[in-house]
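Residue numbers (full-length UniProt numbering): 1 to 530.
Since the structure comes first, as structure tokens, the remarks are kept for the end.
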Amino acid sequence: MDTRGLYQNGEHHSHDSPLAARVIRLDVAGELPPNPRLRSTLKYDTVCFNAAISLALFAAFTMLGVAMFFLTPLKDLQATPEELFARKHHSMVAKEQRMQVGGKLNLSPLEEMANARLVKQADMEVQRLWVNYSSNTPQFLKDHKISETDLYGMLKSMPKGGLLHIHDAGMMKLEILIELTYRDDLWVCVGMDHVFENFRFSNVFPHIRPSADDYKCIWMLMSNYHTFEWRDRYEEMLKEGLSLREGGYKNSAELACHMRRSHRLIHGLVTFQPLWSSFLFRMLEDFYSDGVHYVELRSSLPLLYDLKGTNFTILDTVSSIVTITKMFMSTYPDFIGIKIIYTPARDLNDSRMDQYVENARLLKAGESRCPDMTKPHANLIDAVLLGSKRIGHALNIPQHPELLRTMRHMQVAVELCPLSNHYMQYIQDFREHPAAYLLAAGYPIVMGSDYPHFWDAAPLTDDFYVAFVGIVSGRGNIRLLKQLALNSFLYSSLSCTERTSAINQWSCSWNRWIKEFVNQTNIAPIEDSS
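Okay, here's the thing in structure tokens:
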């Protein structure tokens with residue numbers, strides 16, 4: 001063996017180098033003399049091997065072609081390009097329909113009949129409402145009384161399950177609040193610009209200073225105010241202070257100031273201890289009449305007060321809610337119940353905030369659409385990582401694909417409040433609402449309403465209507481409605497036992513509604529399109 005490769009310049013290579021490194025330096029060229037017979041044998045073997053591979057590939061492709069021929073329907077072989085395109089189009093539409101919220105639900109024959117009638121009515125209404133649409137205030141909010149439409153009537157009578165995103169301050173009707181201002185012993189704090197800033201029932205002058213630096217006002221008896229102000233003008237001013245105007249506000253600061261004022265006015269009226277119980281009972285009646293049988297109410301649990309200025313405790317507030325709810329359930333036994341989501345003020349110190357976050361599981365995030373280049377939507381990510389079970393609004397979530405994947409995997413639901421998003425000036429065109437993608441892709445969604453009476457809406461029907469004709473315009477059906485109602489229990493704070501009982505109870509109401517809906521005589525029978 002020629003070992004010249006082991007030595008260079010007469011020096012032996014170190015034994016520290018790897019054996020493989022030393023072996024590949026061997027020069028073996030001299031060990032393999034030319035052999036014609038061996039070369040011929042190797043060449044023959046190579047040719048045979050290549051021929052075998054070619055034959056095997058030919059046989060495989062032939063069998064695949066035969067299989068595809070017999071598996072392909074005869075109608076596809078005879079179809080024109082236009083027919084093939086139409087079938088592919090139909091297949092893609094069918095797949096997308098199964099992907100959307102409720103797409104995988106199996107309907108009973110009666111539900112299929114109800115679905116056909118609902119879709120027909122919805123299509124007619126969508127075509128009428130979106131005609132001459134502009135990018136400003138949606139026409140059906142500005143020019144149409146949606147509560148008088150047939151579709152709205154159908155949705156209002158529908159058992160909607162639970163309402164998981166609503167504030168107690170947004171559940172007092174304007175007419176009732178205005179009526180309360182004519183009671184005795186009511187004081188009003190009037191601002192420098194003659195705007196109402198606060199209310200307080202008291203038998204003496206209320207020595208209450210403004211709770212914020214953004215307003216100043218002077219207290220006076222409401223009865224005295226009525227003596228020099230026309231009733232119509234007064235009630236119009238009060239409506240402006242207790243609701244959000246359709247025209248919007250100049251900026252977010254003006255809107256926030258108006259919201260704080262509305263909260264002060266409402267709390268000053270309804271937290272008067274003699275009125276609190278009647279307010280709660282009327283609120284529950286509003287829920288029930290709107291097809292809502294379970295509520296998770298967001299409340300700051302305000303301290304009640306009396307004419308003498310005595311403040312009650314937060315336990316008194318909670319106790320009264322429990323007592324009134326039990327009374328209501330004794331009158332309406334199919335009402336499932338109410339749970340409180342404690343939502344205190346946000347101006348807290350760090351230690352108190354740590355306590356709230358430790359207990360919080362339903363975090364609100366992603367409502368703002370204002371850009372922050374340093375920490376884009378950080379609160380949205382933090383809410384999921386902190387273990388939230390639901391995310392309020394989540395307008396920015398489609399911009400976070402990894403977060404979407406995590407939310408689907410962890411079954412974190414998004415609370416959709418379309419009318420709130422509009423009146424809070426986040427959304428103008430409902431068809432471009434970020435939730436349109438979430439609904440189409442089948443992400444967990446629950447319906448909410450936030451502050452419905454601020455824009456003179458029902459507790460939940462108006463938001464269902466807007467979502468149906470606006471956000472899922474053209475794709476809405478009874479599967480979607482049924483799944484949204486089911487989601488209100490699946491993603492609620494109910495225990496497993498409570499959830500099962502609630503769904504069973506709701507199912508009875510749903511089946512009864514389907515039967516009544518199909519048997520309605522004022523709906524024209526659906527023509528057979530086959």
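Backbone N, C-alpha and C define an ideal beta-carbon position, used for all residues, glycine too.
For Glu112, the enclosing alpha helix (DSSP H) begins and ends at Pro109 to Leu129. Remark: fewer than three beta-carbon pairs, one from each stretch, lie closer than 8 Å, so the segment 143-157 and the segment 440-450 are not flagged as touching. With contacts defined as CB atoms closer than 9 Å, Ala435 and Ala467 qualify as a contacting pair. Leaving aside the five residues that flank Asp214 on each side, the residues in its chain whose CB is nearer than 6 Å to its CB run, in chain order, Cys257. Here DSSP, grouped into helix, strand and coil, assigns His207 to coil. Just so you know, the alpha carbons of Phe335 and Asp168 end up roughly 18 Å apart. Restricting attention to Pro81, Gln121 and Ile53, the CA atom closest to the CA of Arg475 is found in Gln121.
With fewer than 16 other CB atoms across the displayed protein chains lying within 10 angstroms of its CB, Cys508 is exposed. For Gly247, the closest of His422, Glu236 and Ser157 by C-alpha to C-alpha distance is His422.
Listed as beta-bridge partners of Tyr294 by DSSP are Gly162 and Gly337. The continuous stretches of beta strand (DSSP E) do not include Leu494, and DSSP gives it neither H nor E. In the DSSP assignment, Trp187 is bridged to Arg200 and Leu221.
Distance from Glu415 to His433 at the Cβ level is roughly 13 Å; contact not present, criterion being Cβ atoms closer than 8 Å. Looking at the DSSP output, Met447 sits in a beta bridge with Leu416. The beta carbon of Gln425 is closer than 6 Å to those of Gly248 in its chain, skipping five residues each way along the sequence. If the five residues before and after Lys216 are omitted, its C-beta is found closer than 7 Å to the C-beta atoms of Gly191, Met192 and Pro210, all from its own chain and listed in chain order. In this structure, the CA atom of Pro274 is about 34 Å from the CA atom of Arg499.
Rounded to the nearest whole angstrom, the CA to CA distance from Leu439 to Leu380 is 19 Å.
Taking C-beta atoms as the reference points, Leu110 and Asn198 fail to come closer than 9 Å. The beta carbons of Phe454 and Ser262 sit about 7 Å from each other, so the pair counts as a contact at 8 Å. For the pair Val518 and Glu112, the Cα-to-Cα distance works out to about 10 Å. Within the model, the alpha-carbon separation for Met283 versus Met172 is close to 7 Å.
DSSP lists Tyr342 as the bridge partner or partners of Ser299. Bounds of the alpha helix (DSSP H) holding Ile266 are Ser252 to Val270. Phe489 places its beta carbon less than 9 Å from that of Tyr294. Nearest to Phe205 by alpha-carbon distance, out of Asp185, Phe196 and Val195, is Asp185.
Counting every other CB atom within 10 Å of its CB across the protein chains shown gives Met154 a total of 16 or more, marking it as buried. Boundaries cannot be given for Arg431, as no beta strand (DSSP E) includes it and DSSP labels it neither H nor E. Of the candidates Gly170, Ser473 and Glu296, the residue whose Cα lies closest to the Cα of Gly161 is Glu296. In this structure, the CA atom of Glu125 is about 15 Å from the CA atom of Asn115. In this structure Leu301 is not in contact with Thr323, their Cβ atoms being roughly 15 Å apart against a cut-off of 8 Å. With contacts defined as CB atoms closer than 9 Å, Ile341 and Ile321 fail to qualify as a contacting pair.
Put simply, the backbone Cα of Val412 is about 19 Å away from that of Pro418.
The alpha-carbon of Thr343 is positioned some 24 Å away from that of Asp290.
The Cβ-Cβ distance between Val292 and Leu118 does not fall below 9 Å.
By the C-beta density criterion, Ala457 is buried, having at least 16 other C-beta atoms within 10 angstroms.
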